[in-house]
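So the sequence shown is numbered by numbering that gives the first Met the number 0: it starts at 0 and just counts up by one.
All remarks here apply to the structure that follows.
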Amino acid sequence: MRANKYQDIVTIDDVVNELNDIIQECISNSDPRGYFAVLYKKVTVKVKEGIENNYFDDGARMEKLDVIFALRYIDAYNNANKNLVVSRSWNESFSMAKKDEITVLQHILSGINAHINLDLGIAAYEVNKGVNIHELKNDFDRINQILSSMVHEVQYNLTTIWPPLKFLLQKTGKIDDLLVDFSMKLARDGAWEFSVILAENEETEIQNLITERDKKVSSKIHLISPSGFTLKFIFSLISIFEKGSVADKINLLKKEL
Numbered sequence: 000m001r002a003n004k005y006q007d008i009v010t011i012d013d014v015v016n017e018l019n020d021i022i023q024e025c026i027s028n029s030d031p032r033g034y035f036a037v038l039y040k041k042v043t044v045k046v047k048e049g050i051e052n053n054y055f056d057d058g059a060r061m062e063k064l065d066v067i068f069a070l071r072y073i074d075a076y077n078n079a080n081k082n083l084v085v086s087r088s089w090n091e092s093f094s095m096a097k098k099d100e101i102t103v104l105q106h107i108l109s110g111i112n113a114h115i116n117l118d119l120g121i122a123a124y125e126v127n128k129g130v131n132i133h134e135l136k137n138d139f140d141r142i143n144q145i146l147s148s149m150v151h152e153v154q155y156n157l158t159t160i161w162p163p164l165k166f167l168l169q170k171t172g173k174i175d176d177l178l179v180d181f182s183m184k185l186a187r188d189g190a191w192e193f194s195v196i197l198a199e200n201e202e203t204e205i206q207n208l209i210t211e212r213d214k215k216v217s218s219k220i221h222l223i224s225p226s227g228f229t230l231k232f233i234f235s236l237i238s239i240f241e242k243g244s245v246a247d248k249i250n251l252l253k254k255e256l
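This is the structure:
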């Protein structure tokens, strides 16, 4: 791991390299946080391809946004490893990694919750600070099209890795309902609205607004780790069919996602 990430991570390639380090570290330590890291690396590569293919209106700005966005995750991951304070949202996500009964899908969704619902709006605000935030809207929507497609791709690929999951999804529909409730559309709309709120407020109010947003986002964890009997039972069944060690499952995700 790099000693000073804010100085060393300045390009999207730097982000990919750092995510590779995190993934390998999670494999070595049998750390379930690696599931989200694998997904996030793939998203980052897709964004990089979009920049190279002129998918975005402003490729240079989008690379800067990607780096700011990624650093919020990387910083949270490393601070948690050092027992330093992280946002409530990331704390909730990382706490799930300590629970044996949590499924791969739940781990990934918990990371999405923290990173999209909290970090993305902050990154959008920071990259366009001092400029009309609405100039970013088209590219913001484009990056979210990539993020949204990845959620559905993850669900499909998880059923490929663990075929019984497909049967459970088809027969119950419950997990599909959960994904709809936790949909990327709602997540991205909330992230954009939050970035606009930040842009329209004074600098002295920003931290208070982020703190309040963090509280709301962290409370969404109940959608991912439900207390109702039916969903708990379904997730328990899914966890049974997820064969292999944590390292095995991370390597499977690297191969299939």
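Note that the Cβ used here is the ideal one computed from N, Cα and C, for glycine as well.
Buried or exposed for residue i, please, with buried defined as at least 16 other CB atoms from any protein chain shown within 10 angstroms of its CB.
{"i": "Y72", "result": "buried"}
{"i": "N200", "result": "exposed"}
{"i": "L18", "result": "buried"}
{"i": "E51", "result": "exposed"}
{"i": "S41", "result": "Just to set this straight, residue 41 is Lys in the shown sequence, not Ser. The residue is buried, with at least 16 neighbouring Cβ atoms inside 10 Å."}
{"i": "F68", "result": "buried"}
{"i": "N53", "result": "exposed"}
{"i": "D65", "result": "buried"}
{"i": "A96", "result": "buried"}
{"i": "Y39", "result": "buried"}
{"i": "G110", "result": "buried"}
{"i": "S244", "result": "exposed"}
{"i": "A59", "result": "exposed"}
{"i": "L83", "result": "exposed"}
{"i": "T43", "result": "buried"}
{"i": "V130", "result": "exposed"}
{"i": "M0", "result": "For M0, the pLDDT reaches just 45, beneath the cut-off of 50, and the residue's location in the model is therefore unreliable, leaving the point undetermined."}
For chain B, is any of its Cβ atoms less than 8 Å away from the one on residue i?
{"i": "I50", "result": "In the displayed structure, chain B is absent; only one protein chain is listed."}
Express the C-alpha separation of residue j and residue i in angstroms, rounding to a whole number.
{"i": "K63", "j": "P31", "result": "28 Å"}
{"i": "W161", "j": "E134", "result": "43 Å"}
{"i": "K98", "j": "L119", "result": "26 Å"}
{"i": "I223", "j": "Q105", "result": "6 Å"}
{"i": "T203", "j": "I132", "result": "18 Å"}
{"i": "N116", "j": "I101", "result": "21 Å"}
{"i": "D247", "j": "F35", "result": "15 Å"}
{"i": "W219", "j": "D56", "result": "Here residue 219 turns out to be Lys, not Trp, going by the sequence shown. For K219 and D56, the distance between alpha carbons rounds to 32 Å."}
{"i": "K4", "j": "I21", "result": "Because the pLDDT at K4 is just 49, under 50, the model does not fix this residue reliably, and the point stays unresolved."}
{"i": "V15", "j": "L157", "result": "22 Å"}
{"i": "A123", "j": "S194", "result": "6 Å"}
{"i": "F234", "j": "E241", "result": "11 Å"}
{"i": "I239", "j": "L108", "result": "19 Å"}
{"i": "T159", "j": "E48", "result": "25 Å"}
{"i": "V216", "j": "I121", "result": "13 Å"}
{"i": "N77", "j": "P163", "result": "35 Å"}
{"i": "V37", "j": "L252", "result": "7 Å"}
{"i": "M149", "j": "K254", "result": "15 Å"}
{"i": "H333", "j": "E125", "result": "Only positions 0 to 256 of the chain appear in the structure, and residue 333 is not among them; the question remains open."}
{"i": "R212", "j": "K128", "result": "19 Å"}
{"i": "T10", "j": "L70", "result": "11 Å"}
Tell me, to the nearest whole angstrom, how far the beta carbon of residue i is from that of residue j; I am working on the premise that it is less than 8 Å.
{"i": "A113", "j": "S94", "result": "Not a contact, Cβ separation roughly 11 Å."}
{"i": "K45", "j": "I209", "result": "About 27 Å separates the two Cβ atoms, so there is no contact after all."}
{"i": "W191", "j": "F232", "result": "Incorrect: roughly 36 Å between the Cβ atoms, too far for contact."}
{"i": "I237", "j": "G33", "result": "With a Cβ gap of about 18 Å, I237 and G33 do not count as contacting."}
{"i": "S86", "j": "A79", "result": "The pair is not a contact, with the Cβ atoms about 10 Å apart (cut-off 8 Å)."}
{"i": "I142", "j": "M61", "result": "7 Å"}
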